[in-house]
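The numbers in the sequence shown follow this note's numbering, run straight up by one, and end at 469. In this text, a Cβ means the ideal position worked out from N, Cα and C, and glycines have one as well. Every value quoted in this text rests on a predicted model; they were computed, and no experiment measured them. Beneath this line is the structure, given in structure tokens, with notes to follow.
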Amino acid sequence: MTESTVQTSPTQTGVPAQVYHVFIKATPEAIWEAITSPEWSERYFYGARISVTPDAYTSRGPDGADWGSSHVIEFDPPRRLVHGWRSLYHPDLAEEPESRVTWEITPGDDGVSLLTVTHDHLEGSSRTAESVAGTGWMRVLSGLKTLLETGAPLG
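In structure tokens:
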């Protein structure tokens, strides 16, 4: 299967979490490598060079500018990554508090894995929530899926 879905779910504070699901014909290990490695991320994540260690999540623009660095909350390769999220590439977004992103990779049948991305803790971050909603995360995840399944970038 190669479906993508998006949903919002209310949190304890009433601010919706953004939840995205995508089936990708790739192993959990391949997906993990693609979401934690700058050589992969720059090809599907708006040119961002993302690197992840057990302690730090770092996103740099094509020019090397800090687009958002944060701490890693949970690091469980190749199943689960939880990290802080703060967008520094735009001044309006940089003013907002940090939110949280969770990547969950579930292996499936026939080499197809389910990737679930949850962006939550968006209280006080309405501009960030708006920025990543709609085409924001969907473009990133569609690009990741296309790259892993075809070897070529989406656009």
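Contact annotation, GLY361 with PRO342: C-beta distance approximately 25 Å; criterion of less than 8 Å not satisfied. The way I'd put it, the region 337-355 does touch the region 441-459; three or more beta-carbon pairs between them come closer than 8 Å. Relative to the Cα of HIS335, the nearest Cα in the group SER427, VAL329, THR464, GLY465 belongs to SER427. In chain order, ALA348 place their CB closer than 6 Å to the CB of TRP354, counting only its own chain and leaving out the 5 sequence neighbours on each side. Residue environment: ALA443 is assigned as buried (16 or more neighbouring CB atoms within 10 Å of its CB, all protein chains considered). Distance from the CA of ARG394 to the CA of GLU418, rounded to the nearest whole angstrom, comes to 5 Å.
Distances from the CA of HIS433 to each of VAL415, GLY450, SER439, ASP424 were compared; the closest alpha carbon is that of VAL415.
When the alpha-carbon of ALA344 is set against those of PRO421, ARG453, GLY469, the nearest one is in PRO421. In this structure, DSSP gives PRO421 an extended state, which the three-state scheme calls strand. Counting along the chain, the unbroken beta strand (DSSP E) around THR372 starts and ends at 370-374.
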